[in-house]
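Visitor:
Protein chains in written order, with my numbering: chain P, 7 to 431; chain B, 7 to 431.
Put into structure tokens, the structure is as follows:
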């Protein structure tokens, strides 16, 4: 069949949503073009381990081309999406224009600073591999500088880290860095004691992981405290400057490392679509996940606002994105096979398979159906689930090896500072 | 014993020389300060594998602190050396001044452009982890751009790579990239055929690996040709511009990737010492490896010009640096123990244990004593030696796993582009 006779499905984004769509969509009269800004699919749930020197970058990322190399019907393009014209059914990339029959929007989200974009330079977020590598270098470098600093107040600043936001990412980062300082780095310095590092987790609401039942979120706070993290709930940030966080109380915390884990909004592309969005920039989709007025366009994952059973929106987690991707793939497959129209499409239903968050070595919380776990059992469940879902056999093995090594040897393999400011001549 | 009573040994550089010195020097009346610009010891013989996406950065690097964590007598400082005052016995770092009783200069070498520093921006060398990661991203990105390019001459440029210099690094890089294009990437693109990529290795002398016997260097050239590398010997470069190499013949080769593997000179610090240097900036040391006029200062590894048995200088390879380090450590240990003076020091003798270079999968050359190997036996010998010398158990295991996987699956694990130019807003 000539290429021009094939239906063209364009998928934007190769995260959990876009990739799952490609894996579940396959039709003899269709070809797929998958566009991503990077060349890799990122296993985002483990990104915090790259930031905290537990894993190397290639262990949580897989080349998109390699994942789809046995799919001649899928073309992968590494390109930047600059806009869409939904009326003309066109997508604009930096070097070309794609025309589509169906479009799947799966670009995910980005860090949101709640109207304070100027905080970004002082408090990076954690969304991409580059973010993670920058954070790793910044934290390790702060300890190196503390070792060579002579002024005690400078040393204290260098050994203080503030994490803003007590959701899963903030909790994971705080736990991982507390462990790094108190176990791995402890023996390695001669002039400073990394065990004295202060890790401060700031959360505006009265509890960390506030979407969990109260007993689990209290357990998480206790497990964090046991690792030495200073958990400060009901605390709001007023301003962030270089090496400085100002709280609403007026208190100022000096810290060489400030990380932002407080907010996520949808990809900025949604603002250019001319459709209705919520405050976080997500597209208010129809029950079948299509964009209102455009049955040939689907928005899935963190780009879509989908009401769940209890009226609350479906959460921005990878299982939700994957379920939405399968739903959209099923609909398009069926319409290409039968020629049926959008009228007969089934609505999307989210199946909540539970939620878990890890805090550190043998420390986690999990909530699956009516069961609540914390501590070691939750941590083992977390380990198992993340290993099963890690894409690629090689990565599974490498990650398992790294974890076993870190667990038993109290060492971390990926403590490498790259991209240090250039040497003086 | 009070710290001030201890003899202070300052070691500059944590490469093979500096690290081996610390491992072999230990005296109850001495303390050691080891200074390096980075936080890691780099296993440089495998750096080309990071550049060609075979290994990840943490697999060829180990935190210096972690290697020496059981040595309370060694303080590790991550700092830039800005100069030395040999008369006052002081070393200047960016944030402090160190006074020493003995000084070991082991800063290694850097890429030399033979009086054309302006070529550096167009043709990077391969000396550091950052170099390797930049080269990896640049090459992978060129293939990605070729896939989205529409102009055939642009595609040809994007799929051409020129490597200047047919020494071990140039040969390894050429072989590794030829294999990457012809096997790993081959199945993954839809619009271009990576098997058509041109890899051109340029060498000014009449043969590659010219320090080897003629039959071995001819074998290396044949093995390269079999991998599809265009080997051009007796070819000199006249100029390098952006995406363009001009040869002395006037021929111009357009290439998106140009790598420089042609020259190495000693660390620029040697120029500030006020002692006699050779053309490559190496210190002309005494037979005991001390710097003339300064028996308390040793220069080892790529910073030192040491005449070998046949009058040729000892080569700039890691076994030589390690042997020099042990020699200096033995001398200082003995003098601290006995109070003996420099007059009784033994001269350094280099023990050449052979040389080998790898070209690709099952392709290598080796010259050990009177034995010459090439092909699979040489490759297996190379594999064994490099695994044995890879510092750290974890890295050995991870690298073995990666190699086995790449060998049998024809895939590469580390094909991740980081530090791509930022997304458009």
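Virtual Cβ for every residue (Gly too), placed ideally from N, Cα, C. Keep in mind it's a predicted model, so treat the numbers as computed, not measured.
Using the beta-carbon count (16 or more within 10 Å), is residue 101 of chain B buried or exposed?
Guide: The residue in question, residue 101 of chain B, is exposed, as its Cβ has fewer than 16 Cβ neighbours within 10 Å.
Visitor: What is the DSSP secondary structure of residue 42 of chain B, counted as helix, strand or coil?
Guide: Three-state result, residue 42 of chain B: strand.
Visitor: Where does residue 122 of chain B fall in DSSP's three states?
Guide: Residue 122 of chain B falls in the coil class under three-state DSSP.
Visitor: Give me the Cα-Cα distance between residue 282 of chain B and residue 273 of chain B, rounded to the nearest whole angstrom.
Guide: Their backbone Cα atoms lie some 14 Å apart in a straight line.
Visitor: Give me the residue from P:48, P:147, P:16 and P:79 with the minimum Cα distance to residue 32 of chain P.
Guide: When only C-alpha atoms are compared, the closest one is P:79.
Visitor: Got a sec: which bits of the region 114 to 139 of chain P sit with their beta carbon under 7 Å from any beta carbon on chain A, in order along the chain?
Guide: Annotation note: the requested chain A is absent from the structure, which comprises protein chains P and B.
Visitor: Taking only beta-carbon positions, decide if residue 45 of chain P is within less than 8 Å of chain B.
Guide: With 8 Å as the cut-off, residue 45 of chain P counts as an interface residue toward chain B.
Visitor: With a CB to CB cut of under 7 Å and the five nearest residues on each side skipped, what residues in its chain are close to residue 292 of chain B?
Guide: Cβ neighbours of residue 292 of chain B beyond the five flanking positions: 298.
Visitor: Is residue 175 of chain P near residue 210 of chain P, with beta carbons less than 8 Å apart?
Guide: Going by C-beta atoms, residue 175 of chain P is not nearer than 8 Å to residue 210 of chain P.
Visitor: Quick one: is residue 309 of chain P near chain B, going by C-beta distance under 8 Å?
Guide: Chain B, which has no Cβ nearer than 8 Å to the Cβ of residue 309 of chain P, makes this no.
Visitor: Contact check, residue 352 of chain B vs residue 294 of chain B under 8 Å by CB: the rounded distance?
Guide: Contact flag correct, Cβ pair sits at about 7 Å.
Visitor: In angstroms with no decimal places, state the Cα-to-Cα distance between residue 220 of chain P and residue 333 of chain P.
Guide: Distance between the alpha carbons of residue 220 of chain P and residue 333 of chain P: 33 Å.
Visitor: Mind listing which residues of the region 194 to 209 of chain P have their C-beta closer than 8 Å to chain B's C-betas, in chain order?
Guide: From the region 194 to 209 of chain P, only 194, 195, 196 and 197 have a Cβ closer than 8 Å to chain B.
Visitor: Taking buried to mean at least 16 other C-beta atoms within 10 Å of its own C-beta, is residue 3 of chain B buried or exposed?
Guide: Outside the displayed span of chain B (7 to 431) sits residue 3 of chain B, for which this structure offers no information.
Visitor: Does the beta carbon of residue 407 of chain B sit closer than 8 Å to a beta carbon anywhere in chain P?
Guide: For residue 407 of chain B, the answer is yes, since a Cβ of chain P falls inside 8 Å of its Cβ.
Visitor: Starting from residue 154 of chain B, follow the alpha helix (DSSP H) in both directions and report where the run begins and ends.
Guide: Unbroken alpha helix (DSSP H) run through residue 154 of chain B: 135 to 154.
Visitor: Taking 8 Å as the cut-off, does the region 312 to 323 of chain B touch the region 353 to 367 of chain B (at least 3 CB pairs, one atom from each stretch)?
Guide: They touch, by the three-pair rule.
Visitor: For residue 82 of chain P, which option in P:317, P:70 and P:143 has the closest C-alpha, if you only look at C-alpha atoms?
Guide: Of P:317, P:70 and P:143, the residue nearest in Cα terms is P:70.
Visitor: In this structure, how does DSSP classify residue 92 of chain B when only helix, strand and coil are distinguished?
Guide: Three-state result, residue 92 of chain B: coil.
Visitor: In chain order, what residues of the same chain have a beta carbon less than 6 Å from the beta carbon of residue 198 of chain B, not counting five sequence neighbours either side?
Guide: For residue 198 of chain B, where only same-chain residues beyond five positions count, the Cβ hits under 6 Å are 152 and 153.
Visitor: Give the list of continuous beta strand (DSSP E) stretches no shorter than 3 residues that lie fully inside the region 250 to 323 of chain B.
Guide: Segments of the beta strand (DSSP E) lying fully in the region 250 to 323 of chain B: 250 to 253, 258 to 260, 263 to 266, 270 to 272 and 300 to 305.
Visitor: If you measure beta-carbon to beta-carbon, which residues of the region 101 to 112 of chain B are closer than 9 Å to chain P?
Guide: Correct list: 101 and 102.
Visitor: If we ignore side chains and look at the alpha-carbon of each, how far apart do residue 57 of chain B and residue 319 of chain B end up?
Guide: Approximately 29 Å between the Cα atoms of the pair.
Visitor: If you follow the beta strand (DSSP E) that residue 50 of chain B is in, where does it begin and where does it stop?
Guide: First-last for residue 50 of chain B: undefined, no H or E at that position.
Visitor: Given that residue 154 of chain B touches chain P, what residues does it touch there, using C-beta distances under 9 Å?
Guide: Chain P residues near residue 154 of chain B: 83, 84, 85, 99, 100, 101 and 102.
Visitor: Just mark residue 308 of chain B as buried or exposed, buried being the case when its beta carbon has 16 or more other beta carbons within 10 Å.
Guide: When all chains shown are included, residue 308 of chain B counts as buried.
Visitor: Of all the CB atoms in chain B, is at least one closer than 8 Å to the CB of residue 7 of chain P?
Guide: The predicted model places residue 7 of chain P with a pLDDT of 44, which falls under 50 and marks its position as unreliable, so this point remains unresolved.
Visitor: Roughly how many angstroms separate the alpha carbons of residue 206 of chain P and residue 137 of chain B, rounded to a whole number?
Guide: Spanning the two alpha carbons is a distance of roughly 35 Å.
Visitor: Determine the chain B residues that contact residue 422 of chain P at a beta-carbon separation under 8 Å, and present them in chain order.
Guide: 45, 46, 63, 64, 67, 69 and 135, listed in chain order.
Visitor: Select from P:377, P:378 and P:62 the residue whose C-alpha is nearest the C-alpha of residue 139 of chain P.
Guide: It is P:62 whose Cα lies nearest to the Cα of residue 139 of chain P.
Visitor: Give a yes or no on contact between the region 105 to 117 of chain P and the region 16 to 33 of chain P, applying the rule of three or more CB pairs nearer than 8 Å.
Guide: Yes, since at least three Cβ pairs between the region 105 to 117 of chain P and the region 16 to 33 of chain P fall closer than 8 Å, the two stretches touch.
Visitor: Under 7 Å between beta-carbons, which chain P residues line up against residue 335 of chain B? List them in chain order, please.
Guide: Here the premise fails: no neighbours, minimum Cβ distance about 20 Å.
Visitor: Helix, strand or coil for residue 2 of chain B? Go by DSSP, reduced to three states.
Guide: Chain B is shown only over 7 to 431; residue 2 of chain B falls outside these bounds and no answer can be derived.
Visitor: Which one or two residues does DSSP pair with residue 362 of chain B in a beta bridge?
Guide: Bridge partners of residue 362 of chain B: B:372.
Visitor: In the DSSP assignment, what residue or residues form a beta bridge with residue 330 of chain B?
Guide: None, per the DSSP bridge assignment.
Visitor: Is it buried or exposed, residue 373 of chain B, if we count other Cβ atoms within 10 angstroms and call 16 or more buried?
Guide: When all chains shown are included, residue 373 of chain B counts as buried.
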